[in-house]
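First residue of the sequence shown? That's 554 in our numbering, and the numbers climb one at a time after it.
Using N, Cα and C, we set each Cβ at its ideal position, and we do this for glycine too.
Keep in mind that this is a model prediction, so the values were computed, not measured.
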Amino acid sequence: MAIRWRSVTRIAAITATATGVLTLAAAPASAFSQSFGSGSYHASTDFVPAKSTIRIGGKGCSGGAARSFYVQLVRTHNSTKVFSSYSYGADGRNHTDPRGIRVNTGTSYYLRWFGKDNGGHDASAPCASAYTA
554 MAIRWRSVTR IAAITATATG VLTLAAAPAS AFSQSFGSGS YHASTDFVPA
604 KSTIRIGGKG CSGGAARSFY VQLVRTHNST KVFSSYSYGA DGRNHTDPRG
654 IRVNTGTSYY LRWFGKDNGG HDASAPCASA YTA
């Protein structure tokens with residue numbers, strides 16, 4: 554059985570049965586959040602939403618080259634971008650996109666955080682976080 558691992562580390566409960574079946578599972582999360590260190594791009598661990606409508610948000614700390622950030626919701630199964638938030642200032646405060654996103658409660662997702670400078674280029678923030686609400 555060939556497994557194609559992504560370059561981003563994922564945390565999941567792994568169960569292998571005697572038949573060679575591999576199962577990856579993540580516990581349902583009513584609200585999910587993850588903090589990151591410095592960088593211009595971060596990907597969260599997988600999570601399974603407990604509600605069928607969620608909102609996403611994040612935070613970017615000031616002090617780096619990043620002046621703004623945005624967060625994306627991605628379906629884990631095929632790495633399909635489901636939703637992208639508005640762009641928010643990297644001012645050290647939490648910003649939640651007001652739009653509700655319809656999701657499948659039995660499906661695994663993850664969040665991507667992107668930092669940008671004033672010219673729209675990748676830029677690092679000293680700290681970042683992404684979350685669901």
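- Between A619 and S677 the beta-carbon gap is near 6 Å, inside 8 Å, which marks them as a contact.
- By the Cβ-count criterion, K634 is exposed, with fewer than 16 other Cβ atoms from all chains shown falling within 10 Å of its own Cβ.
- Between the segment 668-676 and the segment 648-658, the count of Cβ pairs shorter than 8 Å is below three; the stretches do not touch.
- Within the segment 568-643, the runs of beta strand (DSSP E) that reach at least 3 residues and sit entirely inside it are, in chain order, 575-578, 586-589, 594-596, 609-613, 621-628, 633-637.
- Under the three-state reduction of DSSP output, S661 falls in the coil class, being neither helix nor strand.
- Cβ-Cβ separation between K604 and S583: approximately 7 Å, consistent with a contact (criterion under 8 Å).
- Ranked by how close their Cα comes to the Cα of F589, the residues V624, Y639, Y662 have V624 in first place.
- In the structure shown, R652 adopts coil according to DSSP, grouped into three states.
- Distance from the Cα of H630 is smallest, within the candidate group F667, A643, A686, V601, for V601.
- DSSP places D670 in the coil class of the three-state scheme, outside both helix and strand.
- For T658, same chain residues with a beta-carbon under 8 Å away, outside a window of 5 residues either side, are P581, V601, P602, A603, K604, S605 in chain order.
- With fewer than 16 neighbouring CB atoms inside 10 Å of its own CB, D644 falls in the exposed class.
- Here DSSP, grouped into helix, strand and coil, assigns S682 to strand.
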